[in-house]
Amino acid sequence: MADDWAGKRAEAVRVQAERLRQRQDAEHTRAEEMLRRFAEAARAAGLDPEPLVVRGYGGRGTARTPLRGWYLRVDRSAGVTTDGTFYVLTAPLGLLDRVRGMRPEPSRPPLTLGAGGKDGESVPLADALERLLPGWRTR
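Read in order, the letters of the sequence shown correspond to residues 1 to 139 in full-length UniProt numbering.
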């Protein structure tokens with residue numbers, strides 16, 4: 001009886017985890033498409049990209065990157081490149097990173113930037129893009 005209950009419980013946990021993974025994957029896919037469309041609209045509108053810089057944790061230094069694009073957050077902790085790729089622009093930086101620069105790895109974008117953070121620190125991705133280029137969806 002106990003083995004049967006434990007088996008059913010383990011299966012329920014597995015199913016729940018799979019549903020969560022599928023939901024997150026769908027959200028990332030929607031955000032990726034939104035960023036691709038934004039990048040196309042921004043290029044077409046002539047929105048000038050700027051060099052994207054990685055900031056060290058706690059504001060400790062910066063490192064150049066070869067990336068160009070637009071910052072999605074006012075604190076410059078996330079950005080999108082001209083091809084619509086999403087990057088988290090904070091990292092632990094060493095002295096060599098600050099001197100030589102670095103190439104951050106792309107990340108799957110969320111639909112809400114800063115979700116789970118302090119009150120007022122989260123912003124829907126669509127709102128961040130609208131701030132950068134008002135009316136971008138209709139261009």
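Even for Gly, the Cβ is constructed at its ideal location relative to N, Cα and C.
DSSP places Arg-100 inside the alpha helix (DSSP H), whose first and last residues are 95–100. In this structure, Arg-103 sits away from Ala-63, with a CB-CB distance that is not shorter than 7 angstroms. Between the alpha carbons of Arg-43 and Arg-36 lies a distance of about 11 angstroms.
Taking C-alpha positions only, Phe-38 is separated from Thr-81 by approximately 10 angstroms.
Taking C-beta atoms as the reference points, Ser-122 and Ala-115 count as a pair closer than 7 angstroms. Nearest to Leu-111 by C-alpha distance, out of Arg-73, Gly-69, His-28, is His-28. Annotation: Gly-79 to Glu-105 spans about 12 angstroms, alpha carbon to alpha carbon. Around the beta-carbon of Pro-109, 16 or more other beta-carbon atoms lie within 10 Å, marking it buried. Taking a contact as a CB-CB distance under 8 angstroms, the pair Arg-60 and Leu-95 does not count as one, their CB atoms being some 11 angstroms apart.
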